[in-house]
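Participant: Residue numbers (the numbering used here): 10 to 191. Ideal Cβ positions, reconstructed from N, Cα and C, are used throughout, including at glycine. Model, not experiment: these values are computed from the prediction.
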């Protein structure tokens, strides 16, 4: 079920995807079954998010779940329940890297080109790209009350509530607008 309204008290999602990224993920799920992503820390394809079939990348006990990309959603829609496994793309980051990026909303985009890593999209002529937006102080305050989920907790069955299910935006600029000087 989706809702196109947003409550003012909801914390911002730590992860947002562009429509292009969500469409590419849907294509990869149709071809490979369930997928997951891991925000690379500089190996292989720089700091590109890497996409793997579920179970082919071992999430570490101290990795942090940045969020679940909900492939049921379209631009502007917000989920009111959690997606099932076929529509949920967990996005992970290493614990130490999360400490450096916890003040940043990650925006997963898809752009033309071919990455050089082991990510599933390589043959598609597109590659995933991370963009970022620094959270405002008020947003950080809302996020501070929510403990992130670790790989160990995920393995034990802990899942985020639907309030943290991220949104899909039309373009990266919708999530990270460039502020112009007066």
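Assign residue 23 to buried or exposed, taking buried as 16 or more other Cβ atoms, counted over all protein chains shown, within 10 Å of its Cβ.
Facilitator: Counting from 1 along the chain shown, the entry for residue 23 is found at position 14. Classification for residue 23: buried.
Participant: To which residues does DSSP link residue 137 through a beta bridge?
Facilitator: The residue you call residue 137 lines up with position 128 of the chain shown. Partner(s): 119.
Participant: With a cut-off of 8 Å on the beta carbons, I'd call residue 25 and residue 161 a contact; round off their distance for me.
Facilitator: In the chain shown, counting from the first residue as 1, residue 25 sits at position 16. In the chain shown, counting from the first residue as 1, residue 161 sits at position 152. In fact, because the Cβ distance is near 26 Å, the residues do not count as touching under 8 Å.
Participant: Got a sec: does the ligand ADP put a non-hydrogen atom nearer than 6 Å to the Cβ of residue 38?
Facilitator: Looking at this structure, you won't find the ligand ADP or any other ligand, since it has none at all.
Participant: Given this structure, state the Cα-to-Cα distance separating residue 108 from residue 132, to the nearest angstrom.
Facilitator: As a first step, residue 108 must be located in the chain shown, where it is residue number 99. As a first step, residue 132 must be located in the chain shown, where it is residue number 123. In a straight line, the C-alpha of residue 108 is about 32 Å away from that of residue 132.
Participant: Between the C-alpha atoms of residue 57 and residue 139, what's the straight-line distance to the nearest angstrom?
Facilitator: In the chain shown, counting from the first residue as 1, residue 57 sits at position 48. In the chain shown, counting from the first residue as 1, residue 139 sits at position 130. Computed Cα separation, rounded: 6 Å.
Participant: Any chance the stretch 72 to 89 sits against the stretch 98 to 106, with 3 or more Cβ pairs inside 8 Å?
Facilitator: yes
Participant: Sorted by chain position, which residues of the same chain lie with C-beta nearer than 6 Å to residue 152's C-beta, five sequence neighbours on each side aside?
Facilitator: Within the chain shown, residue 152 is the residue found at index 143, counting from 1. Cβ within range, chain order: 20.
Participant: To the nearest angstrom, how far is it from the Cα of residue 164 to the Cα of residue 148?
Facilitator: Along the chain shown, one-based indexing puts residue 164 at 155. Along the chain shown, one-based indexing puts residue 148 at 139. Each residue's Cα considered, the two are about 28 Å apart.
Participant: State the beta-bridge partners of residue 99 as determined by DSSP.
Facilitator: The residue you call residue 99 lines up with position 90 of the chain shown. DSSP, once it has assigned bridges, lists 77 as partnering residue 99.
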